[in-house]
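Read the structure below first, then the notes.
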Amino acid sequence: MNSDGSYISKFTRKGIGYEFEGTWMIKDGFLIDTLTANNSTNTKHTLQVGSVEKFRIIHVDAEELIDQTGNGGTVSTIHFKKFTK
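Structural data, given as structure tokens:
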């Protein structure tokens, strides 16, 4: 997550490579995530470019973000790792 409101997310789960790009902003205690690119591989079940998701922020600091989906659903923890180009 960059200070200009952009992000790149890359991870692998069960042999599926996910790679998302998007924009984010904080509003009223929620993280608003808009997907701008989806370069995921080996899956038919991916998010559509232009989709918007809303997450309630439980905790955030320089190393992690703990959030909950906007409908009171899953709680997840994201650990930040800095990449250089």
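If you're matching positions, the sequence shown starts at 4 in the working numbering and goes up one per residue. Yeah, the Cβ is synthetic: ideal placement off N, Cα and C, and Gly gets one too. Nothing here was measured: the structure is a model prediction, and the numbers come from that model.
Just mark residue i as buried or exposed, buried being the case when its beta carbon has 16 or more other beta carbons within 10 Å.
i: residue 14; result: exposed
i: residue 18; result: exposed
i: residue 7; result: exposed
i: residue 36; result: buried
Terminal residues of the continuous beta strand (DSSP E) containing residue i?
i: residue 63; result: 55-63
i: residue 67; result: 67-72
i: residue 41; result: 33-41
With H, G and I counted as helix, E and B as strand and the rest as coil, what does DSSP make of residue i?
i: residue 47; result: coil
i: residue 18; result: coil
i: residue 25; result: strand
Which residues share a DSSP beta bridge with residue i?
i: residue 8; result: According to DSSP, residue 8 bridges with nothing at all.
If residue i sits next to residue j, beta carbons under 8 Å apart, how far is it from one beta carbon to the other, in whole angstroms?
i: residue 27; j: residue 34; result: 6 Å
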